[in-house]
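K.L.:
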Ligand SMILES: NC(=O)c1ccc[n+]([C@@H]2O[C@H](COP(=O)([O-])OP(=O)(O)OC[C@H]3O[C@@H](n4cnc5c(N)ncnc54)[C@H](OP(=O)(O)O)[C@@H]3O)[C@@H](O)[C@H]2O)c1
């Protein structure tokens, strides 16, 4: 099973606001996220799920929280209490690939576990408190880049792959 981390990152590293909002709305970027993740499982932090407000259609939505009393009013959402548990669940369901979709806390813990990063590097700075964690550039190599009006999609795999 391939673990893919997907994110959109402003030029200054910002990925979101601490109140959960995304500082931008780029239809083309959202479409890219949708096309890339459709049919797979998505692992996300509790705060990111709450900022989405509802599960994303056509994908298995998995939330991680440390709160054993956490519940949501949607039947089709899975809740786990650690990132490892959520990944193990996906392995048991024989997913070919799964996506770690944020936010900041989950990316930080997810990077060491990821086989691939699909990052939309936005061409502008954004205001926000939540930043994408620093990655060690020697761990990763670029395998493709796709240019769009407001962003560039860069795929990275492990340097030793
Ligand atoms: N630009 C992008 O691509 C992108 C993508 C996704 C999200 N975002 C943005 O990112 C921001 C949210 O990021 P964030 O860092 O504040 O929060 P987050 O990573 O979405 O969620 C953090 C929460 O996840 C749970 N958690 C973290 N580590 C865990 C672990 N090891 N085991 C179990 N549960 C764990 C905890 O939930 P409990 O507190 O319930 O225990 C924690 O409070 C928002 O602004 C959102 O819009 C941006």
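Numbering (the numbering used here), first residue to last: -10 to 150.
Just so you know, even glycine gets a beta-carbon here, dropped at the ideal spot from N, CA and C.
All values derive from a computational prediction rather than experimental measurement.
#1: Touch check for the segment 85 to 96 and the segment 21 to 29: three-plus C-beta pairs under 8 angstroms?
#2: Going by C-alpha to C-alpha distance, which of 111, 93, 19 and 147 sits closest to residue 9?
#3: Measuring straight from C-alpha to C-alpha, what distance separates residue 25 and residue 5?
#4: So within the segment 5 to 69, which uninterrupted alpha helix (DSSP H) runs reach at least 4 residues, ignoring any that extend past its ends?
#5: Roughly how many angstroms separate the alpha carbons of residue 58 and residue 0, rounded to a whole number?
#6: Using the Cβ count rule (16 or more neighbours within 10 Å means buried), how would you classify residue 132?
P.N.:
Let me spell this out:
#1: yes
#2: 93
#3: 21 angstroms
#4: 16 to 26 and 35 to 41
#5: 38 angstroms
#6: exposed
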